[in-house]
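Residue numbers (the UniProt record's numbering): 1 to 236.
Shown next, in structure tokens, is the structure this report addresses.
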């Protein structure tokens, strides 16, 4: 059994340096946690984890390059002893389920108090699982009764146009309408139109159902994560 006062070695992964600095400062306030390395993407994080053998990997889910889910899966498959705690803005329960299926032990929302992350680290270090308090309550009735994501049509993904697909994918990744508008260089009204049309074609009725469908179609896999406008102009 690990000594009660042993230092917990943490690797921190996030593609936003300012946010990473804030988390590092939070962890530095307790003498029982040491940040032994930082990375801004999953591939560098895996190399860092191999070199430093951390006790805990604190990582975002959506990042450039290899995402956090892939990091968790890779560490789990390699037999790493590191516990994975996701620190993310993604509040959809589909992401929570996917995170634990990937091998994570903790799930914390970025908007929560810093004590939540510290509690998560303590929990996973004693062999437990931690889910952010905001996500422990039962989902709304609409989500409980909602059918799962529909199967794609023979033509693929319900006949979505390129822009409809991209808007729904970016929504699933947690981007706001304004961020999607800027990323795709289209108006906010157009983003809303593509969202409505895409959801209607697929029978999706909530953001959670968009996330579930995106996960089922592999839209959030590494090779599909980076935004690319190539080939979309013909689908307007």
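C-beta atoms are modelled at their ideal positions from N, C-alpha and C, and glycine is treated no differently.
- DSSP places residue 71 in the uninterrupted alpha helix (DSSP H) bounded by 68–77.
- Secondary structure of residue 39 (DSSP, three-state): strand.
- Within the stretch 84–129, the complete alpha helix (DSSP H) segments at least 4 residues long are 93–101 and 114–125, listed from N- to C-terminus.
- Taking C-beta atoms as the reference points, residue 177 and residue 8 fail to come closer than 7 Å.
- Ranked by how close their Cα comes to the Cα of residue 122, the residues 64, 43, 58 and 79 have 58 in first place.
- Secondary structure note for residue 207: its alpha helix (DSSP H) is the uninterrupted segment 207–216.
- With respect to residue 173, residue 62 sits close: the two C-beta atoms are nearer than 7 Å.
- Between the alpha carbons of residue 208 and residue 90 lies a distance of about 10 Å.
- If you draw a straight line from the Cα of residue 35 to the Cα of residue 26, it comes to about 10 Å.
- Here the alpha carbon of residue 69 sits roughly 28 Å from the alpha carbon of residue 29.
- Counting along the chain, residue 9 sits inside the beta strand (DSSP E) bounded by residues 8–13.
- Proximity of the stretch 210–217 to the stretch 84–103 meets the contact definition, three or more beta-carbon pairs being nearer than 8 Å.
- When DSSP assignments are scanned along the stretch 17–63, the uninterrupted stretches of alpha helix (DSSP H) that are 4 or more residues long and fall wholly within it turn out to be 17–28 and 42–52.
- Put simply, of 163, 46, 196 and 206 the residue whose alpha carbon is nearest the alpha carbon of residue 185 is 163.
- Taking C-alpha positions only, residue 18 is separated from residue 217 by approximately 33 Å.
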